Structure formats: structure tokens, C-alpha cells
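The sequence shown begins at 358 in this note's numbering and counts up by one. Heads up, the beta-carbon is just placed ideally off N, CA and C, and yes, glycines get one too. For clarity, every value in this text was computed on a predicted model and none was experimentally measured. As C-alpha cells, the structure follows; a few thoughts come after it.
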Amino acid sequence: MPLTVRPRRKRSTRIVFTLLSGLLPVLLGSAILYMQAERTLEQGSRQTAEEALRQFELMLDNTAQAAHQLLPLAGQTCENVKLALREQVTRRPFVRSTNLVWDDNLYCSSLFGDYKEAVNAGDYNQGKLWLMNGNPVTPNTALLVYRLSEGRGGALTTLDGYHLSNMLRLIGRHMLLVLQVGDNWLSADGKVHSGALPALPIAQNSLDSSRYAFSVSAGFPEGETWRYMADEYPPLFSLLIFFGVVSGAIGHVLQKRSTSPSHEMLRALEAGEFIPYFQPVVHGDSKAWSGAEVLMRWAHPKEGLVRPDLFIPFAEHSGLIVPMTRALMQQTAALLGPLSPTFTPPFHIGINITASHCKNLELVDDCRTFLAAFAPDSISLVLELTERELIEPTDITRQLFEQLHALGVKIAIDDFGTGHSSLGYLRKFNVDFLKIDQSFVAMIGIDALSRHILDTIIELSAKLDLGIVAEGVETQAQADYLTAHHVNFLQGYLFGKPMPAADFISALTHH
């Protein structure tokens, strides 16, 4: 009996130990990822609320200026001032209508001319703003009314709720974002609600305007942290499971001792297994090749070509992405540098960078060495900022971008409109290009909302005098739409898939 019990106990102990050692890295890693996701959502929520507050204050500045212009006219006959009221509507982009008040009676409107309606100051939050759910002209359509009064006279200017809800959709695309005025609040669908705000249990940020009687609230619904992790961290979860399997397999006498992924990737880096692939970028009008984006692939000796989404995130988190990018730039320079005298300048070469590249000034030396391998003025190097990690505006980052621009290096925001920090990057960094994410391009002719967002991004780039690149162009209809909207550069399978260096150089001779 004792001889049989002892082996069973040993086997049970080994099984329990194997299970615990396999579960420990998975549970610990999941907890760390959960905390990281919470921090990312908190940062995104705070930045979104700050940007929304700033945009709404800019709109109300425009509306308030119209009211200040009209207030001295209060008391004059409507016939004498109605043209002045309509002039403000014409001149102010966000003002929908203007009105004059005398003795708490609205007597003149830019829409109707002579008009009679009582004005109740109690309807206005702090006597200044009223978020109302439409008027007789446009019922069930949000309006934000600004009230300015002095003595017996007053002026009312109205801001169309379409601009407000459109801004809520554009800025808060990935979260819940609302505008609150008094007891009323506006949601992204353009509807005005009364009473308590919707529940924002995750990363809620509420900011009050210091200049106007409104506030904004941003946050996420219950369970958003897990949904975010499911969307953003699948490769990392795969790695966690891999770690669990490796950890649980320790002690198994018939299995070879596994190395950690970081050691494997370091081995691959030293062996030169990370190689460049090139995807053509074409001019939006002529469709002639204007350059290429350099993409990293892992040519594993046993597994074959490994997709970048399976190793790039871990390379970023492990700190290997910087030497991997340096090796990629060196290979690209060696392959394309000798051909640069034949390029039609400026030949654009795009390379992705992350927050890890912005912690010191080594990237400047890497770019200087890269450019020296090409004929003078033959190429334009474009560094594309990804948003998997936030880049904080420090003295180092500001100095880095200044020195890069001094070298003639261009900066682009990759996948613009999909991350929490795109608009923040526009405010904090001097960028040259926006890259439209392929998810917006894919919805051309299919989804009206995505098309409106796409048009807004194109319009924004034009107003900021930025170049724009559309990714993921796969159909001629998409290309025609983007060309008609004056998008500078196009990239996608319609013009060429990512290809190894030999195929790209061969194809380049024909373009």
C-alpha cells in the first residue's frame, strides 16, 4: 500500500506544479495587461474630454461674438436690423439663427423677421446657455442657444446641433462622449436627453468649461477594459499562453528546453532574419509610383514567413523594436541606395516608428546614416508614427522632431482616426502627413458615417496644409473617390502587395 500511494502522490504533485507554473504567467500577464489597458483608456478618455471641451469653446466663441455684435441693436425696429441679423448668420460658420429681445420678448428673428415669443431666463443654464430639443422650424433637432442681455435688451444666437453631434462622433468615435448644459445633455446620435447622464463606469472624465455654462463627459461602458484587451492584445495573449505552456513544460524530461521569445527574437535579429518588404505608394492623380512603405517581415528558418502582427507588438514591449528598425533601415539603404540616381525625386520611403524610438536622439543618427546612402535629394524619408503606445511630449521628443525636420525627414501619423491620440498628436507635434486607415477606405460607397468621417479627415488635412495618404485601396471605385477628393498618395493591393526586395526592384524598373 505505501509503495503505490507514494508514486501517486508524486504524480499528483507534479501535475499540480505543472498546472500552477503554467497558469502563473498567464494570470500575472493578464493582470499587467489589464492595468495597462486601464491606463490607456484613462489617458484616451482624458485627452478626448479635453479636446471636446476646446472644440466646443471655439464654436461658442463664434456664437458669442455674433451676440456681442447684435446686442447694441436691441430695441430698434425689426425692419431696420433684420439684415444685420442675417449678416451674422452668413458670416459665422456655426451660427444658425440670430434673434433680438426687448423686455424679455423675442421680437425679431433672422429666420422670420418680426416675431413674438416670450423669453424665460430660467430656461438658460446660468442665464447663458440652453440646450433645447428643436424649435418649430426643426423639431426634434438639437439646438444650443446662447443668451446675452444688458438692461432691457438682449441677443440670442443659435448653434446648430448637427455641428455638436458631429464633433461628438468624430472626437469620441471609440467611447461615450456627451455634452451637458444644465439638466440636458446631448449624445453623439444628435438627441437631447434630460436627467442623469448615462453610466460611464470606466475611465470617466468630466470637465467644466471655465468660460461657458457647459461641461463634457467622456468614458466607457462596463466591460470596455476587457473588450479593449480583446481587440488590441490578441498577439500578447497568444504570447501569454505560449509562456504558460513553456513554463508548464519545464521538467518534462522528453521535451527540449525552450528559450523565451525575447531570446528567440534576439537570435533572429543577430541572424538577419528580419527583412524588408516593400509596398508601392502611388500619386493620387497620375497613379505613377511615388515611393514605397518599408514593412518588416520575419523569415523564420523553420516557420517560414511570420506575419508582423505576431511579433511586432512583442518587439515593441520587449524593447527590441529599435534595433530591429535600425537593421531594417540598414538593409533598405543597402538595397535601394545604389539605385537612387535613377529615382524620380523625391522618391518617398516610409518607415514605421513607435514611442520606443522617441526616448532618445539615436533615431536622428540612424536617419542621417540612412540618407547618406542615397544620392543627394533623391529620396524623401517619411517616419510614420504608430499609436500602439502613446508618445509623450517631453523635451527629448521635441528636440528629436526638430532635428529630424532639420534633416529633411517628414513625419506622418499612421492609421489616423482610429486611435485615441491622433488629434493630440496634431496639437503636440509638427507633422507633415496623415495616413487614412484602411477601415475608412473600405467603407467608401458602403457606410455613410465612415464616408463622412473620411471626408472630414481629408478636409482637416487640407485646412492644416498636410499631405494625405490613403491606405488599403483595393478597388478602382475607391481610387476614383479618393482622387476626386484630391488625396495626394494612394497605397493598397490595387497598386501592389507588399513584396520582397528583389521583386520590388524588378517592378520598379517598369514604373
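Between N462 and A475, the alpha-carbon positions lie close to 4 Å from each other. Listed in chain order, the non-local C-beta contacts of L692 below 8 Å within the same chain comprise P633, A858, I862, local neighbours out to five positions each way being set aside. With contact defined as three or more Cβ pairs closer than 8 Å, the region 443–461 and the region 418–427 are in contact. A direct Cα-to-Cα measurement between H640 and F852 gives close to 11 Å.
If only complete runs of 3 or more residues are kept, the region 488–562 shows the beta strand (DSSP E) at 496–507, 510–517, 533–538, 541–543, 549–551, in order along the chain. With the rule of 3 Cβ pairs closer than 8 Å, the region 642–658 does not count as touching the region 718–728. DSSP places I598 within a helical segment (H, G or I) once states are collapsed to three. Per DSSP, reduced to three states, the secondary structure at D771 is strand. Excluding the 5 residues flanking it on each side, G552 has same chain C-beta neighbours closer than 7 Å at D540, in chain order. A Cβ-Cβ contact shorter than 9 Å links L597 with P382. For Q433, the closest alpha carbon among the candidates L390, T498, R509 is that of R509.
Following the DSSP letters along the chain, one finds A441 inside the alpha helix (DSSP H) bounded by residues 435–448. The Cβ-Cβ distance between F631 and M681 falls below 9 Å. Distance from the CA atom of L384 to the CA atom of M622, rounded to whole angstroms, is 24 Å. For W646, same chain residues with a beta-carbon under 6 Å away, outside a window of 5 residues either side, are P637, V639, H868 in chain order. An exposed status is given to Q756, since fewer than 16 other beta-carbon atoms sit within 10 Å of its beta-carbon. DSSP lists V638 as the bridge partner or partners of Q848.
In this structure P702 touches D734 by the C-beta definition: roughly 6 Å separates them, less than 8 Å.
A check of alpha carbon separations from L764 across V721, A732, E627 identifies V721 as the nearest.
If you look at A575, you'll find it isn't in any alpha helix (DSSP H); it sits in the beta strand (DSSP E) that goes 572–577. Within the same chain, Q537, S563, L564, D565, S566 come within 7 Å of S572 by CB-CB distance, once the 5 residues on both sides are set aside. For the pair V826 and Y838, the Cα-to-Cα distance works out to about 13 Å. Around the CB of E579, fewer than 16 other CB atoms lie within 10 Å, so the residue is classed as exposed. The criterion of a C-beta distance shorter than 9 Å is not satisfied by L543 and A409. Between H620 and F600, the alpha-carbon positions lie close to 13 Å from each other. Across the set L501, L376, Q561, the C-alpha of Q561 shows the shortest separation from the C-alpha of E399.
Residue environment: M392 is assigned as exposed (fewer than 16 neighbouring CB atoms within 10 Å of its CB, all protein chains considered).
Shown here for S713: same chain residues with a beta carbon closer than 8 Å to its own, the five before and five after excluded, namely E673, G676, I678, V679, E746 in chain order.
Ranked by Cα distance from R396, the options E407, Y464, M586, E831 are led by M586.
For E650, DSSP records a beta bridge to Q636, G707.
Residue burial is scored here from C-beta neighbours: S643 has fewer than 16 other C-beta atoms within 10 angstroms and is therefore classed as exposed. Here Y850 is exposed. Its C-beta has fewer than 16 other C-beta atoms within 10 Å.
Closest in alpha carbon position to A570, among N717, M800, L501, is L501. About 11 Å separates the CB atoms of K785 and I770; that is not less than 8 Å, and the two are not in contact.
In chain order, R654, W655, A656 place their CB closer than 8 Å to the CB of L662, counting only its own chain and leaving out the 5 sequence neighbours on each side. Our two residues, A799 and N523, have alpha carbons roughly 21 Å apart in a direct line.
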